[in-house]
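The structure appears right after this line, and notes come after that.
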């Protein structure tokens with residue numbers, strides 16, 4: 096595949112992702128799983144690392160992941176990062192401009208209200224799908240369904256993390272991210 100074809104493919108894949116991942120960055124994860132399986136641009140472990148880093152760094156998660164994938168796939172090209180990121184963001188910009196124009200005219204229309212109401216379950220479904228995918232990838236790395244020591248350690252760490260978050264609900268999210276990052280580095284997860 097030539098460089099131009101690769102850039103076009105990156106743009107197109109992230110354009111589709113941006114167009115159909117309603118609900119934000121976490122909703123892009125199922126699309127990234129599909130890219131991983133279809134093009135083998137990155138491994139499952141790379142994807143889990145992307146999610147962790149994208150969650151920990153400033154900015155929208157989906158944009159951070161698109162930027163990383165574009166950079167990684169094109170061998171460290173900033174142009175690849177830009178093309179993937181523009182591909183992800185462009186549908187939102189187009190849709191927002193169109194919706195802003197239409198909503199000025201039809202914002203009180205019952206059908207418009209029902210359409211927005213109908214998007215809520217779809218958004219929840221995409222985010223739930225992402226959560227289940229990440230959960231399964233952590234418990235069963237490389238799609239190996241074995242209840243070995245790694246499974247029990249990961250399950251125990253997730254339970255401890257959930258209990259910690261539940262106990263310290265008032266702890267600032269940045270503090271939680273930093274604590275989880277330190278634990279991940281120390282335990283080499």
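In this note's numbering, the protein residues as written are 96 to 284.
We put the beta carbon where it would ideally sit given N, CA and C, even for glycine.
Can you tell me which of the three DSSP states residue i falls into?
{"i": "residue 141", "result": "helix"}
{"i": "residue 264", "result": "coil"}
{"i": "residue 165", "result": "helix"}
{"i": "residue 171", "result": "coil"}
{"i": "residue 96", "result": "coil"}
{"i": "residue 177", "result": "helix"}
{"i": "residue 271", "result": "helix"}
What does the alpha-carbon distance come out to for the pair residue i and residue j?
{"i": "residue 127", "j": "residue 142", "result": "8 Å"}
{"i": "residue 184", "j": "residue 248", "result": "38 Å"}
{"i": "residue 136", "j": "residue 279", "result": "25 Å"}
{"i": "residue 196", "j": "residue 109", "result": "25 Å"}
{"i": "residue 166", "j": "residue 205", "result": "44 Å"}
{"i": "residue 246", "j": "residue 283", "result": "15 Å"}
{"i": "residue 231", "j": "residue 130", "result": "18 Å"}
{"i": "residue 254", "j": "residue 274", "result": "15 Å"}
{"i": "residue 169", "j": "residue 102", "result": "8 Å"}
{"i": "residue 265", "j": "residue 200", "result": "42 Å"}
{"i": "residue 219", "j": "residue 175", "result": "31 Å"}
{"i": "residue 132", "j": "residue 212", "result": "33 Å"}
{"i": "residue 207", "j": "residue 226", "result": "29 Å"}
{"i": "residue 144", "j": "residue 261", "result": "24 Å"}
{"i": "residue 215", "j": "residue 115", "result": "14 Å"}
Going by the CB atoms, is the gap between residue j and residue i shorter than 8 Å?
{"i": "residue 122", "j": "residue 190", "result": "no"}
{"i": "residue 179", "j": "residue 193", "result": "no"}
{"i": "residue 119", "j": "residue 187", "result": "no"}
{"i": "residue 146", "j": "residue 233", "result": "no"}
{"i": "residue 224", "j": "residue 125", "result": "yes"}
{"i": "residue 151", "j": "residue 257", "result": "no"}
{"i": "residue 159", "j": "residue 149", "result": "yes"}
{"i": "residue 182", "j": "residue 106", "result": "yes"}
{"i": "residue 117", "j": "residue 217", "result": "yes"}
Handout entry: Entirely enclosed alpha helix (DSSP H) segments - the region 102 to 157, minimum 4 residues
Key = 124 to 134 and 139 to 151
Problem - Entirely enclosed alpha helix (DSSP H) segments - the region 184 to 267, minimum 4 residues - result: 205 to 234 and 244 to 262
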